[in-house]
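Right, one structure below, let's go through it.
Protein chains: 2
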Amino acid sequence: MRPELLARVLSLLPETSATPELARFYALLRDYPQRGGKGIRSELLLASARAHGLSESDTGWESALWLAAALELFQNWVLVHDDIEDDSEERRGRPALHHLCGMPVALNVGDALHAYMWAAVGKANVPGAFEEFLQMVYRTAEGQHLDLAWVEGREWGLRPADYLQMVGLKTAHYTVIVPLRLGALAAGMAPQDAFTPAGLALGTAFQIRDDVLNLAGDPVKYGKEIGGDLLEGKRTLIVLDWLTTAPDDRKAIFLDQMRRHRADKDPAVIDEIHRWLLESGSVEAAQDYAQAQAAEGLDLLEKALADAPDAQAAAALLASVRELATREK
Amino acid sequence: MRPELLARVLSLLPETSATPELARFYALLRDYPQRGGKGIRSELLLASARAHGLSESDTGWESALWLAAALELFQNWVLVHDDIEDDSEERRGRPALHHLCGMPVALNVGDALHAYMWAAVGKANVPGAFEEFLQMVYRTAEGQHLDLAWVEGREWGLRPADYLQMVGLKTAHYTVIVPLRLGALAAGMAPQDAFTPAGLALGTAFQIRDDVLNLAGDPVKYGKEIGGDLLEGKRTLIVLDWLTTAPDDRKAIFLDQMRRHRADKDPAVIDEIHRWLLESGSVEAAQDYAQAQAAEGLDLLEKALADAPDAQAAAALLASVRELATREK
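Sequence lines, in order, name chains A and B. Here the first sequence stands for residues 1 to 329, numbered as in the working numbering. Here the second sequence stands for residues 1001 to 1329, numbered as in the working numbering.
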């Protein structure tokens, strides 16, 4: 995230208190934002605002920056709660917040960050933006529910369509559709209807790329633990595709591991499953699907931006979305 | 909660989906609201609006009802998350939500309800109300943090002042101060500054009464498990006062029980501690303190409402606040 945005996020959060325990609470609020995300969503929002004719010298730019800060706060409260829900070990190279301060305290930190996100939306004061954030939280919670309910119900009898619905609700909205729409709103324009199908395709491509990199990426470039999704028992397109053709004995071994909690999984067996997946052709199939989705999404977006007020900025936006949907890290 | 308000809350929440798992998610969103709370806070808000001159035939009444619905949604998402944080067994006579659907799913349900609360605030469209809700969530999270951090740190070396700070941040704001202020805003008036000290005193009286009833109340009237706070290890004024004078051997027995998780506490020993507390005089001391706070708060509130636009409604508001702060159930 650009330093200017981090400073804006932190400026909203309280810093000091005469009560030591409240000072600690404030430090916990600032923890995830300060770990430094990539700022993918806020950059996309600002690029969309520029393509819609808003420039950094306009008075409306300040509002766009507040919306960008709100998107970053969204991501941070969601990550705090996600990490609890998935019992993730790490986040951005450090222990997940609930491992630092206990689950109850971390849950409450996430709730406070959620409210500070709304404060940033309020500061932006952009007509239509409040409703965008509402819809984004609703869709994210629905997608998250599918994901969590599958884990809760030990559900592996899923079709690729189920995965695509989950990703469409979750990743596609907050990573692509909403940033594109907010950029238009910040520039005082109505978002194009085509942003939704374009964003669904691009967001799906983005998520599948992430799933592929998690299994088959370059550990140095990727920056996260390769195979972590397998340990967390994530339902990915790759795994669901592999399950449709895997030999029964391998399927049984896989399902036995997935029934276990993370700590009870056998690392050697997980490594073997990892190899099966890499050799199965399901990774390439997912990659091909992601590439087709990326191409379709880019095509839709290019058409939607054909008459964008700032053609040069629209071209830059398309280039960075292409980069996003076909990324190597 | 009055049926009209419950209907309004439910009208905001989605109901059906072609995806069975999403239909279940929507049912979970509607679960806590449908269990029926007392509607104390929303009634106080509406009484304050009437005292400030807003009547049910005014067009602004619709906005007041949306704010009341938002307060109910606030309470419901906070309860879902509270029950996770405290690992409560029951809520309103049924298993707590995370016992029905698992912690991760329940956490996510609370997040969605939080967003629907903001939708209700948006629908009210009352100038100043958005900021009230922000401040209410911030203060509640701060008070909750103190409460949770004490549990996390097994902290019993607390003074009554610590308890009063926690209650002031938490209960006093969302139970009294914010409902009074929102009622004024709904009627288009600036909230009186005196609502804050009045609400702090009344909210403190309300919470201490609740703590007293939890230990010494009539089980039939109270409707919750008597002694439940002891099992949950709650830091109450009664317990903190008792700890300052208890004999060392009893204190050691108490602290030994409080170090344990709820399920590992010895019911017979907890019963004995319960008797010690009832015999100690600390219950009466807390009760006296609550009565003095109630009297002070009512006095402040009466003065603040001396010139209220609707004197009859102001008198009714005072009567219901008196009832609240001195309640027997």
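Positions of the beta carbon are idealized from the N, C-alpha and C atoms, including for glycine.
Inter-residue Cα distance where the pair is residue i and residue j
i                      : j                      : result
residue 1286 (chain B) : residue 45 (chain A)   : 54 Å
residue 1294 (chain B) : residue 1308 (chain B) : 21 Å
residue 1039 (chain B) : residue 198 (chain A)  : 45 Å
residue 1121 (chain B) : residue 1009 (chain B) : 12 Å
residue 1283 (chain B) : residue 175 (chain A)  : 54 Å
residue 1298 (chain B) : residue 1322 (chain B) : 7 Å
residue 1210 (chain B) : residue 1159 (chain B) : 19 Å
residue 127 (chain A)  : residue 54 (chain A)   : 15 Å
residue 1225 (chain B) : residue 1213 (chain B) : 10 Å
residue 300 (chain A)  : residue 169 (chain A)  : 19 Å
residue 90 (chain A)   : residue 96 (chain A)   : 5 Å
residue 1049 (chain B) : residue 1216 (chain B) : 35 Å
residue 235 (chain A)  : residue 117 (chain A)  : 29 Å
residue 1206 (chain B) : residue 17 (chain A)   : 26 Å
residue 254 (chain A)  : residue 1019 (chain B) : 27 Å
residue 277 (chain A)  : residue 251 (chain A)  : 11 Å
residue 261 (chain A)  : residue 138 (chain A)  : 29 Å
residue 247 (chain A)  : residue 190 (chain A)  : 51 Å
residue 1079 (chain B) : residue 1140 (chain B) : 12 Å
residue 266 (chain A)  : residue 29 (chain A)   : 35 Å
residue 155 (chain A)  : residue 200 (chain A)  : 24 Å
residue 103 (chain A)  : residue 305 (chain A)  : 44 Å
residue 241 (chain A)  : residue 1204 (chain B) : 58 Å
residue 62 (chain A)   : residue 1027 (chain B) : 40 Å
residue 1167 (chain B) : residue 1324 (chain B) : 16 Å
residue 37 (chain A)   : residue 1 (chain A)    : 6 Å
residue 391 (chain A)  : residue 81 (chain A)   : For chain A, the structure presents residues 1 to 329; residue 391 (chain A) sits outside this window and is missing.
residue 1244 (chain B) : residue 1271 (chain B) : 20 Å
residue 188 (chain A)  : residue 1070 (chain B) : 29 Å
residue 1161 (chain B) : residue 1015 (chain B) : 45 Å
Limits of the alpha helix (DSSP H) - the one that residue i falls within
i                      : result
residue 1108 (chain B) : 1103 to 1124
residue 1072 (chain B) : 1060 to 1085
residue 1150 (chain B) : 1129 to 1152
residue 1032 (chain B) : 1020 to 1035
residue 1166 (chain B) : 1160 to 1167
residue 303 (chain A)  : 282 to 304
residue 1274 (chain B) : 1267 to 1279
residue 1041 (chain B) : 1040 to 1051
residue 1179 (chain B) : 1178 to 1186
residue 1005 (chain B) : 1003 to 1012
residue 1322 (chain B) : 1311 to 1325
Contact with chain B by residue i, beta-carbon distance below 8 Å
i                     : result
residue 152 (chain A) : yes
residue 105 (chain A) : yes
residue 71 (chain A)  : no
residue 331 (chain A) : In the structure as shown, chain A starts at 1 and stops at 329, and residue 331 (chain A) therefore has no counterpart that could be examined.
residue 148 (chain A) : yes
residue 254 (chain A) : no
Contact set between residue i and chain D, taken where Cβ atoms lie within less than 7 Å
i                      : result
residue 1232 (chain B) : The structure shown contains no chain D; the protein chains it does contain are A and B.
Short CB-CB distance (under 8 Å) between residue i and chain A
i                      : result
residue 1102 (chain B) : yes
residue 1138 (chain B) : yes
residue 1018 (chain B) : no
residue 1165 (chain B) : yes
residue 1142 (chain B) : yes
residue 1021 (chain B) : yes
residue 1074 (chain B) : no
residue 1025 (chain B) : yes
Exercise for the section: Anything in the segment 1076 to 1093 of chain B with a Cβ closer than 7 Å to a Cβ of chain A? List those residues in chain order, please. Expected result: 1081, 1084 and 1085
Exercise for the section: Could you list the residues in the segment 1106 to 1135 of chain B with a C-beta less than 7 Å from some C-beta on chain A, going in chain order? Expected result: 1107, 1108, 1111, 1112, 1114, 1115, 1118, 1119, 1122, 1130 and 1134
Exercise for the section: Note down, one range per segment and in chain order, each alpha helix (DSSP H) of at least 4 residues found wholly within the segment 1193 to 1249 of chain B. Expected result: 1195 to 1216, 1219 to 1222, 1228 to 1232 and 1237 to 1243
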